[in-house]
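Peer 1: This is the structure I want to talk about, given as structure tokens.
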Amino acid sequence: MKDFQKRYLLKISYVGTNYSGWQIQSNASSIQGSIMHCLKFLLNNEISLIVGAGRTDAGVHAINFFAHFDYLHELDCDHLSYKLNRFLSPDISIHYVRPISNNFHARFSAISRRYEYWISNFKDPFLYKRSYFLYNNIDFQKINDGAKIFIGTHNFSNFSKTKCSNNICIVHSTSWIQKKEVLVFSITANRFLHNMVRSIVGSLIYLGLNKITLTDLESYLNNENNCKFTYSVPACGLHLVNVKYPKKYSIEDN
29 MKDFQKRYLL KISYVGTNYS GWQIQSNASS IQGSIMHCLK FLLNNEISLI
79 VGAGRTDAGV HAINFFAHFD YLHELDCDHL SYKLNRFLSP DISIHYVRPI
129 SNNFHARFSA ISRRYEYWIS NFKDPFLYKR SYFLYNNIDF QKINDGAKIF
179 IGTHNFSNFS KTKCSNNICI VHSTSWIQKK EVLVFSITAN RFLHNMVRSI
229 VGSLIYLGLN KITLTDLESY LNNENNCKFT YSVPACGLHL VNVKYPKKYS
279 IEDN
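To convert a position in the sequence shown, counted from 1, into my numbering, add 28.
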């Protein structure tokens, strides 16, 4: 980035059902591509690539997602936010656009990320694109106990679909909460591997349905059987809830 360029922060929410994920794809609609298209139109193609806090997969949603871009000139941020929301489809919302320090990076400045996975035990037409409908009764105590073993620093290679040079993640917290007919799994970590949350939730569902034991789950986590856990839940129930940044950036919802 050149010194005279200014950096701007966007806070975004989106329903990912109709998109291939955050990252631009050559042959499919993406969140990044949709916002880039609007920004280029509104700012005469004079912006850098938008950099997001992460790369959510196809069908995954975000409640609080952050991204940045660089632009040569001073912007009327409120007006730009208004224009973006007018041009973007209803399933993408821009909460705000604001200036931010040039040393801020939406991805690499992040301290932690929090995801939720929603499971519905009632066929709710208002939630079917936002949750996984599971008609089986799950042992709530078992999945709570199972969730705790993931806290700490672990090698999560058995809970990822892709090979990665660094499989170590630090999980700060996990929990299950029952909200009426929706069972919500929450997990916060410094970083996540591809498909990691969905595989963890899948393993906990297997535990709650007595398809595996807690010992089996620990074996997968400790890489004792050299075998990946293959069942992962659908993308529709996964939500990126928040991204935490250092206080010096004064980003709300942290």
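Each residue gets a CB set at the ideal place from its N, CA and C atoms; glycine is no exception.
Everything numeric in this text was worked out from a predicted model, so none of it was measured.
Please classify Y124 as buried or exposed, where buried requires at least 16 neighbouring CB atoms within 10 angstroms.
Peer 2: Here residue 124 is taken as the residue at index 96 of the sequence shown, counted from 1. When all chains shown are included, Y124 counts as exposed.
Peer 1: Rounded to the nearest angstrom, what separates N92 and Q169 at their Cα positions?
Peer 2: In the sequence shown, the residue the question calls residue 92 occupies position 64. In the sequence shown, the residue the question calls residue 169 occupies position 141. Between N92 and Q169, the C-alpha separation is close to 30 Å.
Peer 1: With DSSP run on the structure shown, which of helix, strand or coil describes I91?
Peer 2: Translated into the one-based positions of the sequence shown, residue 91 becomes position 63. Looking at I91 - three-state DSSP - the assignment turns out to be strand.
Peer 1: Would you mind giving the Cβ-Cβ distance between D85 and G49, rounded to the nearest angstrom? I have them listed as a contact below 8 Å.
Peer 2: Taking the first residue of the sequence shown as 1, we reach residue 85 at position 57. Taking the first residue of the sequence shown as 1, we reach residue 49 at position 21. Their Cβ separation, rounded to whole angstroms, is 5 Å, which keeps D85 and G49 in contact under 8 Å.
Peer 1: Could you compute how far the alpha carbon of M29 sits from the alpha carbon of Y259?
Peer 2: As a position in the sequence shown, residue 29 is number 1, starting the count at 1. As a position in the sequence shown, residue 259 is number 231, starting the count at 1. With a pLDDT of 48 at M29, under the threshold of 50, the modelled position of this residue cannot be trusted; read the value that follows with caution. Going from the Cα of M29 to the Cα of Y259 covers about 42 Å.
Peer 1: Report yes if the C-beta distance between N195 and S185 is below 8 Å; otherwise report no.
Peer 2: Within the sequence shown, residue 195 is the residue found at index 167, counting from 1. Within the sequence shown, residue 185 is the residue found at index 157, counting from 1. Yes, the pair counts as a contact, with Cβ atoms nearer than the cut-off.
Peer 1: What do you reckon, are the CB atoms on K111 and L70 nearer than 8 Å?
Peer 2: One-based indexing of the sequence shown puts residue 111 at position 83. One-based indexing of the sequence shown puts residue 70 at position 42. Result yes, Cβ atoms of K111 and L70 sit closer than 8 Å.
Peer 1: Along the chain, where does the beta strand (DSSP E) that runs through L211 open and close?
Peer 2: On the sequence shown, position 183 is the one that residue 211 refers to. It spans 210-217 - the beta strand (DSSP E) in which L211 sits, taken as one unbroken run.
Peer 1: For S109, I'd like the list of residues in its chain whose CB is within less than 7 Å of its CB, leaving aside the five on either flank, ordered along the chain.
Peer 2: As a working mapping, residue 109 is identified with position 81 in the sequence shown. Hits under 7 Å: I122, Y124, V125.
Peer 1: Between the stretch 54-65 and the stretch 129-141, can you find at least three pairs of beta-carbon atoms closer than 8 Å?
Peer 2: no
Peer 1: According to the neighbour-count rule (16 or more other Cβ atoms, all chains shown, within 10 Å of its Cβ), is K39 buried or exposed?
Peer 2: The sequence position of residue 39 within the sequence shown is 11, counting from 1. The residue in question, K39, is buried, as its Cβ has 16 or more Cβ neighbours within 10 Å.
Peer 1: Determine, using beta-carbon pairs with one atom in the stretch 201-218 and one in the stretch 172-180, whether at least three such pairs fall under 8 Å.
Peer 2: yes
Peer 1: Would you call the CB atoms of L37 and F132 closer than 8 Å?
Peer 2: Against the sequence shown, residue 37 aligns to sequence position 9. Against the sequence shown, residue 132 aligns to sequence position 104. Yes, the Cβ-Cβ distance between L37 and F132 is below 8 Å.
Peer 1: Taking the alpha carbon of L211 as the point to measure from, which residue in I198, N149, T241, L155 has its own alpha carbon closest?
Peer 2: As a first step, residue 211 is located in the sequence shown; it is residue number 183 there, counting from the start. For the residues I198, N149, T241, L155, the minimum Cα distance to L211 belongs to N149.
Peer 1: Leaving out five residues before and five after G180 in sequence, what residues of the same chain have Cβ atoms less than 7 Å from its Cβ?
Peer 2: Position 152 of the sequence shown, counted from the first residue, corresponds to residue 180. Answer for G180: V199, listed in chain order.
Peer 1: Measuring straight from C-alpha to C-alpha, what distance separates M224 and A263?
Peer 2: Within the sequence shown, numbered from 1, the residue matching residue 224 stands at position 196. Within the sequence shown, numbered from 1, the residue matching residue 263 stands at position 235. C-alpha of M224 to C-alpha of A263: approximately 11 Å in a straight line.
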